[in-house]
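Numbering (my numbering), first residue to last: 12 to 683. Where a beta carbon is used, it is the ideal one built from N, C-alpha and C, also for glycine. Here the structure is a predicted model, which means the values were calculated and not measured.
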Amino acid sequence: MSQTNGSKPTPPGPVVGVLEWFEPGERERAERVLDGLRRLGVVHLRTGISWAEWHREGVPEWYDWLLPRLAREVRVLPCVTYTPPSLAVAHRSSAPPRRPRDYADFVDRLIDRYGGCFEELELWNEPNSRGEWDYTLDPAWTVFCEMVGAAANWARECGKRTVLGGMSPIDPGWLDLMGERGLLDLFDVVGIHGFPGTWEAAWDGWAANVERVRAVLARRGSSAEVWITEAGFSTWRHDDAGQLQALVELLEAPVSRVYWYAAEDLDPSRPAIDRFHEDEREYHFGLRRSDGSPKLLARLWEAEGVEALQDLVSLRRRPRSREAHALVTGGAGFVGTNLAHRLLCEGRSVCVLDNLSRPGVERNLRWLRERHGPRLRVEIADVRDPFGLRRAVGGAHSVFHLAAQVAVTTSLGNPADDFTVNLEGTFRLLEELRRLDEPPPLVFTSTNKVYGGLPQLELRRQGDRWEPVDARVRLRGLDEFLPLSFCTPYGCSKGGADQYVLDYAKSFGLDAVVFRMSCIYGRHQHGTEDQGWVAHFLLRALAGEPITLYGDGAQVRDVLYADDLVDALLAALEEMGEVRGRAFNIGGGPANAVSLLEVIDLIESLHGERPELRGEAERAGDQRYYVSDTASYRAATGWSPRTGVEDGLESLYRWLRGQEARPRRRVEAAAR
Numbered sequence: 012m013s014q015t016n017g018s019k020p021t022p023p024g025p026v027v028g029v030l031e032w033f034e035p036g037e038r039e040r041a042e043r044v045l046d047g048l049r050r051l052g053v054v055h056l057r058t059g060i061s062w063a064e065w066h067r068e069g070v071p072e073w074y075d076w077l078l079p080r081l082a083r084e085v086r087v088l089p090c091v092t093y094t095p096p097s098l099a100v101a102h103r104s105s106a107p108p109r110r111p112r113d114y115a116d117f118v119d120r121l122i123d124r125y126g127g128c129f130e131e132l133e134l135w136n137e138p139n140s141r142g143e144w145d146y147t148l149d150p151a152w153t154v155f156c157e158m159v160g161a162a163a164n165w166a167r168e169c170g171k172r173t174v175l176g177g178m179s180p181i182d183p184g185w186l187d188l189m190g191e192r193g194l195l196d197l198f199d200v201v202g203i204h205g206f207p208g209t210w211e212a213a214w215d216g217w218a219a220n221v222e223r224v225r226a227v228l229a230r231r232g233s234s235a236e237v238w239i240t241e242a243g244f245s246t247w248r249h250d251d252a253g254q255l256q257a258l259v260e261l262l263e264a265p266v267s268r269v270y271w272y273a274a275e276d277l278d279p280s281r282p283a284i285d286r287f288h289e290d291e292r293e294y295h296f297g298l299r300r301s302d303g304s305p306k307l308l309a310r311l312w313e314a315e316g317v318e319a320l321q322d323l324v325s326l327r328r329r330p331r332s333r334e335a336h337a338l339v340t341g342g343a344g345f346v347g348t349n350l351a352h353r354l355l356c357e358g359r360s361v362c363v364l365d366n367l368s369r370p371g372v373e374r375n376l377r378w379l380r381e382r383h384g385p386r387l388r389v390e391i392a393d394v395r396d397p398f399g400l401r402r403a404v405g406g407a408h409s410v411f412h413l414a415a416q417v418a419v420t421t422s423l424g425n426p427a428d429d430f431t432v433n434l435e436g437t438f439r440l441l442e443e444l445r446r447l448d449e450p451p452p453l454v455f456t457s458t459n460k461v462y463g464g465l466p467q468l469e470l471r472r473q474g475d476r477w478e479p480v481d482a483r484v485r486l487r488g489l490d491e492f493l494p495l496s497f498c499t500p501y502g503c504s505k506g507g508a509d510q511y512v513l514d515y516a517k518s519f520g521l522d523a524v525v526f527r528m529s530c531i532y533g534r535h536q537h538g539t540e541d542q543g544w545v546a547h548f549l550l551r552a553l554a555g556e557p558i559t560l561y562g563d564g565a566q567v568r569d570v571l572y573a574d575d576l577v578d579a580l581l582a583a584l585e586e587m588g589e590v591r592g593r594a595f596n597i598g599g600g601p602a603n604a605v606s607l608l609e610v611i612d613l614i615e616s617l618h619g620e621r622p623e624l625r626g627e628a629e630r631a632g633d634q635r636y637y638v639s640d641t642a643s644y645r646a647a648t649g650w651s652p653r654t655g656v657e658d659g660l661e662s663l664y665r666w667l668r669g670q671e672a673r674p675r676r677r678v679e680a681a682a683r
């Protein structure tokens with residue numbers, strides 16, 4: 012894949028395409044896939060044409076729309092496969108046809124009808140896989156060779172380049188048999204498939220496999236190119252980083268073209284080749300999920316190009332040193348970055364575990380590596396990935412569990428994902444710690460949302476803020492004696508995790524403490540409308556864009572600067588005997604309590620211009636007032652915040668302004 016980054020070219024490699032098959036009538040999904048390819052800069056698409064489906068009512072008209080639509084934006088490689096059961100020797104689409112020439116006749120019809128939509132044509136798919144071609148019904152491969160040979164010969168006569176359906180698994184012996192039958196002379200390209208890390212039990216790399224294929228072609232006197240017409244990695248175990256690494260390794264393959272499988276995950280309501288959910292791996296090969304939302308690979312590829320993928324894979328390489336480390340889950344997030352930086356500056360080794368799902372955190376990771384080098388160990392993994400988690404926990408002398416789905420709004424849109432990340436992920440971590448002979452101490456960051464919307468708190472409006480009627484609460488804030496009242500999926504998942512941590516301290520003797528945190532802000536925060544509102548407000552002001560306030564803007568929070576939170580996290584380790592098995596409210600306290608409108612006023616004074624404000628209805632589960640009473644934690648550890656709101660806000664503003672001035676890494680056109 013040839014790319015440019017300014018005037019500096021990156022090393023050449025294969026042209027990259029993507030594979031996606033469409034069901035009849037999926038116009039909306041086809042448009043979504045095309046949009047995704049456009050964002051990636053991909054202009055090659057391999058897709059299927061089902062001979063078996065062609066005979067159903069409305070299917071020819073579907074292809075009448077699909078192929079011209081695709082061809083307007085991408086170079087299409089149609090793969091013609093599947094026998095109509097009515098024409099087969101057995102009543103299934105993988106069976107050979109009774110008359111081999113029927114396949115060639117169908118190919119002729121396709122070229123006559125759609126020939127202007129493609130230059131190359133792939134004949135069959137994975138013919139050495141019984142699920143695609145039942146070779147027990149054609150043990151000598153006689154029918155296959157006659158069928159595909161006639162179709163290839165006619166396609167060439169019509170001016171099309173021909174591609175032999177990709178072998179899966181790669182089998183030089185099968186290819187040699189095709190050469191013995193004279194089939195290879197009719198093909199311009201030989202396709203191969205491979206799924207290292209997902210299905211290939213024995214894998215010695217793309218280069219070795221391609222060389223074996225080329226050796227057969229040379230022995231048979233064939234000048235055919237070798238393409239990888241299907242390669243991919245299933246993220247069924249939440250190993251998005253494994254998918255990223257698999258693509259980077261594919262880009263080093265010594266071939267001229269590769270097709271990545273697939274554009275999107277298989278819809279969970281549909282059956283796979285091996286029947287409905289018989290093999291869960293088949294449902295998770297997409298660059299994007301079945302709803303179109305991007306996985307890590309798609310997000311980074313789109314934002315920064317393939318060069319960034321190679322860079323992150325290099326960060327993932329694990330050092331040989333087995334020095335004990337502090338583990339920071341979610342360590343590429345803004346709190347994790349500040350914590351890891353402090354620990355590394357103190358001379359400690361740190362392992363950051365992060366799935367990089369939040370946009371912008373990859374910049375934090377690079378920043379840490381640039382400043383601290385090999386003492387930073389990086390595990391790009393999800394807390395739901397048991398193997399990545401186990402690797403990170405091994406050798407840890409302390410654990411700070413910050414990884415989470417962090418937005419109430421996201422939890423309402425996808426409660427299942429919120430549950431598995433926040434509750435299941437925390438449970439997996441606790442179990443990994445429990446299995447150790449000497450478990451390291453754990454500090455878990457929970458949230459003030461475990462107290463619900465606080466409808467029982469009597470409030471009154473005073474100017475630009477809500478405040479409690481109770482004078483004691485106004486003076487000290489809310490303490491840990493508040494009853495738990497989970498609401499919203501986010502509150503439930505974090506609250507459940509909060510309780511599991513406390514119970515594992517009680518039931519299994521783990522050294523563990525829970526922080527129920529208010530609003531944290533500071534350097535390295537890439538805030539969004541859904542989470543990290545202080546940074547989000549500043550970013551909108553810097554961009555000259557309006558700020559949306561949900562509710563009346565008089566909601567009050569005690570904001571806590573990230574450096575002060577890091578002090579609190581480290582104090583928990585030092586005083587674990589005092590804090591073990593307890594939950595503490597952690598925030599800026601009454602001295603740092605501000606309303607959203609008051610923060611807008613401070614931004615105006617910093618920026619010299621008041622941001623435009625827009626109003627929306629109050630969000631579900633929002634607290635009109637939450638200020639932490641941190642007296643219990645102060646009594647246990649001596650900690651208290653040191654950074655005032657004005658100083659902290661100015662520091663974050665200057666940092667964000669510096670970040671906005673820096674050029675972004677972006678590599679254009681990922682494929683040609």
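Reference L175; option with closest CA among G208, C169 and T240: Residue mapping note: residue 175 aligns to position 164 of the sequence shown, counting from 1. With distances taken between Cα atoms, L175 lies closest to T240.
How big is the Cα-Cα spacing for G202 and S140? Residue 202 sits at position 191 when you count from the first residue of the sequence shown. Residue 140 sits at position 129 when you count from the first residue of the sequence shown. Their backbone Cα atoms lie some 14 Å apart in a straight line.
Taking the alpha-carbon positions, what's the L338 to R369 distance? As a first step, residue 338 must be located in the sequence shown, where it is residue number 327. As a first step, residue 369 must be located in the sequence shown, where it is residue number 358. About 19 Å.
Can you tell me whether Q392 is buried or exposed, with buried defined as 16 or more other CB within 10 angstroms of its CB? Within the sequence shown, the letter at position 381 stands for residue 392. According to the sequence displayed, residue 392 carries Ala and not Gln. Buried is the call here.
Within 7 Å: the Cβ of S301 and any heavy atom of the ligand FAD? In the structure shown, the ligand FAD is absent, as is every other ligand, since no ligand is present at all.
Opening and closing residue of the beta strand (DSSP E) in which E236 lies: Walking along the sequence shown from the start, residue 236 turns up at place 225. E236 to A242 is the extent of the beta strand (DSSP E) around E236.
L423 and T499 - do their beta-carbons sit closer together than 8 Å? Position 488 of the sequence shown, counting from 1, holds the residue named residue 499. Position 412 of the sequence shown, counting from 1, holds the residue named residue 423. Their beta carbons are under 8 Å apart, which means T499 touches L423 by this criterion.
Return the CA-CA distance between Y532 and Y572, expressed in angstroms with no decimal places. Indexing the sequence shown from 1 puts residue 532 at position 521. Indexing the sequence shown from 1 puts residue 572 at position 561. The alpha-carbon separation between Y532 and Y572 amounts to approximately 5 Å.
Where W76 falls, given that 16 or more other Cβ within 10 Å makes a residue buried: To locate residue 76, count along the sequence shown from 1; it is residue 65. Exposed, by the Cβ-count rule.
Note down, one range per segment and in chain order, each alpha helix (DSSP H) of at least 4 residues found wholly within the stretch 105-179. Correct list: 112-125 and 153-168.
Tell me the rounded alpha-carbon separation between G502 and L134. By 1-based counting over the sequence shown, the position of residue 502 is 491. By 1-based counting over the sequence shown, the position of residue 134 is 123. The alpha-carbon atoms of G502 and L134 are separated by roughly 53 Å.
Evaluate the contact criterion for the stretch 520-527 versus the stretch 587-603: three or more CB pairs, one atom per stretch, below 8 Å. Enough Cβ pairs lie closer than 8 Å, so yes.
Distance between beta carbons of V200 and A226, contact taken as under 8 Å: Position 215 of the sequence shown, counted from the start, is the residue given in the question as residue 226. Position 189 of the sequence shown, counted from the start, is the residue given in the question as residue 200. Taking 8 Å as the upper bound for CB-CB distance, A226 and V200 are not in contact here, some 17 Å apart.
With distances taken Cα to Cα, identify the nearest neighbour of R439 among H412, N425, A418 and V417. In the sequence shown, residue 439 corresponds to position 428, counting from 1. Ranked by Cα distance from R439, the first of H412, N425, A418 and V417 is H412.
Ends of the beta strand (DSSP E) at D365? Here residue 365 refers to the residue found at position 354 of the sequence shown. Unbroken beta strand (DSSP E) run through D365: V361 to D365.
Counting only runs of 3+ residues fully inside the stretch 614-679, write out the beta strand (DSSP E) ranges in chain order. 624-627, all fully within the stretch 614-679.
Going by CA-CA distance only, name the one from A647, R645, M587 and E661 that's closest to I614. Sequence index remark: in the sequence shown, residue 614 carries index 603 (1-based). Per the Cα distances, E661.
Quick one, are the C-beta atoms of P71 and C128 less than 8 Å apart? For this step, residue 71 is matched to residue 60 along the sequence shown. For this step, residue 128 is matched to residue 117 along the sequence shown. Contact: no.
Cα separation between A335 and E390? Within the sequence shown, numbered from 1, the residue matching residue 335 stands at position 324. Within the sequence shown, numbered from 1, the residue matching residue 390 stands at position 379. Taking the straight line joining both Cα atoms gives about 15 Å.
Report back the beta-carbon spacing between T348 and L364 to the nearest angstrom; my notes put them in contact at under 8 Å. For the purposes of this step, residue 348 is identified with residue 337 of the sequence shown, where counting begins at 1. For the purposes of this step, residue 364 is identified with residue 353 of the sequence shown, where counting begins at 1. Beta-carbon to beta-carbon, T348 and L364 are separated by about 13 Å, too far to satisfy the 8 Å threshold.
Taking just the CA atoms, how far does L580 sit from L376? Counted from its first residue, the sequence shown places residue 376 at position 365. Counted from its first residue, the sequence shown places residue 580 at position 569. Cα to Cα, L376 sits roughly 20 Å from L580.
Report the residue ranges of all beta strand (DSSP E) runs contained in full by the stretch 57-111; include only those spanning at least 3 residues, in chain order. For the stretch 57-111, whole beta strand (DSSP E) runs of length 3 or above, ordered along the chain, are 86-92.
Other residues of its chain near R402: CB distance less than 7 Å, five sequence neighbours each side excluded: Here residue 402 refers to the residue found at position 391 of the sequence shown. The beta carbon of R402 sits closer than 7 Å to those of E390, all from its chain and outside the five residues before and after it, given in chain order.
Does the Cβ-Cβ distance between T173 and F198 come in under 8 Å? Counting from 1 along the sequence shown, the entry for residue 173 is found at position 162. Counting from 1 along the sequence shown, the entry for residue 198 is found at position 187. Cβ distance < 8 Å, so T173 and F198 count as in contact.
Of all the options A99, L624, L261 and R231, which has the alpha carbon lying nearest to the alpha carbon of A218? Residue numbering aside, residue 218 sits at position 207 when the sequence shown is read from its first letter. Minimum Cα distance to A218 is reached at L261.
Assign P408 to one of three DSSP states: helix, strand, or coil. Walking along the sequence shown from the start, residue 408 turns up at place 397. What sits at residue 408 in the sequence shown is His, not Pro. Strand.
Is P265 closer than 8 Å to V221 when the C-beta atoms are compared? Translated into the one-based positions of the sequence shown, residue 221 becomes position 210. Translated into the one-based positions of the sequence shown, residue 265 becomes position 254. Yes.
Integer-rounded CB distance, given that P108 should sit under 8 Å from A99: Here the question's residue 99 lines up with position 88 in the sequence shown. Here the question's residue 108 lines up with position 97 in the sequence shown. That belief holds up - the Cβ atoms of A99 and P108 are roughly 6 Å apart, short of 8 Å.
Bridge partners - T420, DSSP secondary structure assignment: Here residue 420 refers to the residue found at position 409 of the sequence shown. Answer is none; T420 lacks a bridge partner.
Under three-state DSSP, which class holds F548? Counted from its first residue, the sequence shown places residue 548 at position 537. In the structure shown, F548 sits in a helix (DSSP, three-state: H, G or I).
Of the residues R485, R57, R67 and V26, the one placed nearest G36, counting alpha carbons only: Within the sequence shown, the letter at position 25 stands for residue 36. Looking at the Cα atoms, R67 is the closest of the given residues.
Ends of the alpha helix (DSSP H) at V484? Along the sequence shown, one-based indexing puts residue 484 at 473. Run containing V484: A482 to R487, per the alpha helix (DSSP H) assignment.
Under the rule that 16 or more other beta-carbon atoms within 10 Å means buried, what is L367, buried or exposed? By one-based count along the sequence shown, residue 367 stands at place 356. When all chains shown are included, L367 counts as buried.
Near H618, which residues of its chain fall below 7 Å by C-beta distance, leaving aside the five closest residues on each side in sequence? In the sequence shown, the residue the question calls residue 618 occupies position 607. Here the set comprises A552.
Within-8 Å CB hit, E629 to chain D: Although the question refers to chain D, the structure presented lacks it and comprises just one protein chain.
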